[in-house]
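These notes concern the structure reproduced below.
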Amino acid sequence: MFCNVDLMYFFLGLEASVRLLGLLDMIDTCDRPSKIFGVGNYAHAKEYKEPPQNKPEKRIPCAGFHAAAGVGHARAEWSIFDAEVKGPNASIGAGVSAGSLSAAAYARAELASASVTAGPMKATVGLAIDTGISIGVTGFEAKLLGTSVSIGPKISFSFLGTGLEVSFC
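Below, the structure is given as structure tokens:
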């Protein structure tokens, strides 16, 4: 779901970041039960509108859509931790989140990726080309074919996944 997804990836290389808004995500996931899943071929599309509820992953209101198709996807999650591995896939989406006071739209084509998240820290390694835009009160990011720039508490530049980041928070 867009509400819990960090769209600030650096593909074709390695990303490691600490996100201030990840602390807010921890409120929504600290009591998330453990879940493990894996699929071979998949295709799905979902439109969502989530009002705030006092349930794990439902506390922060959000709305949007997401569609994806691919081959191979495995994910494990528990509380504020998760790990994910994906094979070849493509996806599109757009959404808004009250948690980060932001809006985003994206398209992604990916050969493979692996990521690990622990609260506000996330590391991703993969090979993909994504294009999109994200704007909110904490900053702005634009991506075109895997090259991106972020302006806000985190200033970063990425060229085909190789980048430099300076975080002021």
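First residue of the sequence shown? That's 1 in our numbering, and the numbers climb one at a time after it. We treat Cβ as the ideally placed atom computed from N, Cα and C, and that holds for glycine.
So the candidates are 149, 54, 86 and 124; which of them puts its Cα closest to the Cα of residue 135?
The residue given as residue 135 occupies position 135 in the sequence shown. Nearest to residue 135 by C-alpha distance, out of 149, 54, 86 and 124, is 149.
Three or more beta-carbon pairs under 8 Å between the segment 54 to 62 and the segment 106 to 115, yes or no?
Not touching, per the Cβ criterion.
Under the rule that 16 or more other beta-carbon atoms within 10 Å means buried, what is residue 46, buried or exposed?
Position 46 of the sequence shown, counted from the start, is the residue given in the question as residue 46. In summary, residue 46 is exposed, with fewer than 16 beta-carbon neighbours lying within 10 Å of its beta-carbon over all protein chains present.
Indicate the three-state DSSP secondary structure (helix, strand or coil) for residue 29 in the structure shown.
Counting from one through the sequence shown, the residue named residue 29 turns up at place 29. Judged by DSSP in its simplified three-state form, residue 29 adopts helix.
Can you give me the Cβ contacts of residue 77 inside the same chain, cut-off strictly under 6 Å, excluding the 5 residues immediately before and after it?
Position 77 of the sequence shown, counted from the start, is the residue given in the question as residue 77. Cβ within range, chain order: 35.
Residues sharing a beta bridge with residue 49, DSSP
Taking the sequence shown and counting its residues from 1, one reaches residue 49 at position 49. As DSSP reads the structure, residue 49 sits in a beta bridge with 63.
Residue 141 to residue 133, Cα distance in whole Å?
Position 141 of the sequence shown, counted from the start, is the residue given in the question as residue 141. Position 133 of the sequence shown, counted from the start, is the residue given in the question as residue 133. Within the model, the alpha-carbon separation for residue 141 versus residue 133 is close to 6 Å.
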